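Here is the structure we will look at, set down as structure tokens.
2 protein chains.
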Amino acid sequence: MQEIPQDKKQLIEEVGIMLEERSGLSPLAARIYATLILSSHDGLSFGKIIQITQASKSSVSCNLNVLVQLHYVEYYTKPGDRKRYFRTSQFYIKNTMEQQRHSIDKELEIVKKINAFNKDHNPEKFKNEKSLGILFQEYLEEHRHKINIKLKEINDFQKQA
Amino acid sequence: MQEIPQDKKQLIEEVGIMLEERSGLSPLAARIYATLILSSHDGLSFGKIIQITQASKSSVSCNLNVLVQLHYVEYYTKPGDRKRYFRTSQFYIKNTMEQQRHSIDKELEIVKKINAFNKDHNPEKFKNEKSLGILFQEYLEEHRHKINIKLKEINDFQKQA
DNA sequence: AAGTTGGTTCGATACATTACGAACTAATTG
DNA sequence: CAATTAGTTCGTAATGTATCGAACCAACTT
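As you go down the protein sequences, you meet chains A and B in turn. Take 18 as the starting number for the first sequence in the working numbering and just add one per residue. Take 18 as the starting number for the second sequence in the working numbering and just add one per residue.
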């Protein structure tokens, strides 16, 4: 039942905030996820997570389920032990990047639509900003391309491991 | 007082949702911003924005002020006319990218901290995932680099214009 | 079969955020 | 100087979301 050191607690909060903002997770879900990312154990039990986060059973249950469904977190069991042990999904960095790809895809889609719309309906506006809008679209396209390459790298890396 | 066509209304909503998610703007602020991005007029008046969004004066006032303070939107006036005319800031794409840079910076910062922490405290975990974590960090660093280059391009572009 | 343990489900509560309306200022017009 | 227009401020109502507690189920233990 050792206490968690102060600096680790703070890092958990910090990482939690980032995850919350970037992934739209609830505060508790983000904190749990951060806890698992920084945990030195290979899997924390439900009860342990409650103890660390000081949250209620129901909240932890619900938020863990969300994390599992989003594939951020996975669990395993030990024979002769009813508990579940939760840890970050083996592919969590890959998942993170796929999520990035997804949000880039969506943004690119919209930016294209905006450019197309302005070209049709606001020609003078489009002309004024044409190069800027296109510049941005190009940037997004390149970025997507780059993410795809990195994702492939990670895929290969995990296959060989 | 012409009505706004249905397809444009829908595009406004779509763009609005994206802006809301990506920038953390309130729904109304995001809708206003989307409206201005897609507007064919060079600046919409306060009243016109109320009419389009069907929102209350106070909400529009408040959200417009937020958009102006964040430099997403700017306004100009005409001599002998008390109204303000609002339009997307001349630098809105640049602003968008600076925001991206900022969020990447923050994420990179955190990922570095995570890697450093795991290296110190969870050596076995760090070893297992070392290349993945580093891969991700590298990706973020490249991405930041790329954003900086694009930003410079945009800067130069706007200087010459 | 009664009592634990591990975990889920389902309202209720608390909290934060958004949007609103009414009252107000400040400039403009008749 | 009354009336209109442009816009702000502030308290409040409405809405949405996170968390909680209590009741519950299922599996295991005695």
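Note that CB positions come from ideal geometry on N, CA and C, so glycine has one too. Just so you know, these numbers come straight off a predicted model, no measurement behind them.
Once DSSP output is grouped into helix, strand and coil, what is the label at residue 20 of chain B?
coil
For residue 94 of chain B, collect the residues of the same chain with a Cβ closer than 8 Å to its Cβ; drop the 5 residues on either side in sequence, then sort them by chain order.
100, 101 and 102
Count the other C-beta atoms from every protein chain shown that fall within 10 angstroms of the C-beta of residue 51 of chain A, then say buried if there are 16 or more, exposed otherwise.
buried
Cβ pair count under 8 Å reaching 3, the segment 158–166 of chain B against the segment 116–126 of chain B
yes
Give me the chain B residues within the contact set of residue 150 of chain A, using Cβ-Cβ distance strictly less than 9 Å, ordered along the chain.
110
Closer than 6 Å: residue 58 of chain B CB and nearest the ligand NAD heavy atom:
Of ligands this structure carries none, so the ligand NAD is not represented either.
Run through DSSP, which three-state label would residue 92 of chain B get?
strand
Please say whether residue 44 of chain B and residue 37 of chain B have beta carbons closer to each other than 7 Å?
yes
Where does the unbroken beta strand (DSSP E) through residue 103 of chain A begin, and where does it stop?
101–105
Quick check: the Cα distance between residue 66 of chain A and residue 124 of chain B, rounded to an integer number of angstroms?
25 Å
What residues from the segment 41–54 of chain B come within 7 Å of chain A, judged by C-beta to C-beta, listed N to C?
54
Check residue 157 of chain B in the structure and name its three-state DSSP category.
helix
C-alpha distance - residue 141 of chain B paired with residue 90 of chain A, whole-angstrom precision:
19 Å
Residue 173 of chain A versus residue 63 of chain B: straight-line alpha-carbon distance, rounded:
55 Å
Could you tell me whether the Cβ atoms of residue 46 of chain A and residue 77 of chain A are closer together than 7 Å?
no
What are the partner residues of residue 62 of chain B, as DSSP defines its beta bridges?
B/102
Express the C-alpha separation of residue 144 of chain A and residue 80 of chain B in angstroms, rounding to a whole number.
28 Å
Whose C-alpha, out of A/98, A/109, A/21 and A/31, is nearest the C-alpha of residue 68 of chain A?
A/21
Report yes if the CB atom of residue 165 of chain B is closer than 7 Å to the CB atom of residue 57 of chain A, and no otherwise.
no
Output the distance between the C-alpha atoms of residue 129 of chain B and residue 154 of chain B, rounded to the nearest integer angstrom.
7 Å
Cβ of residue 143 of chain A within 7 Å of any chain B Cβ:
no
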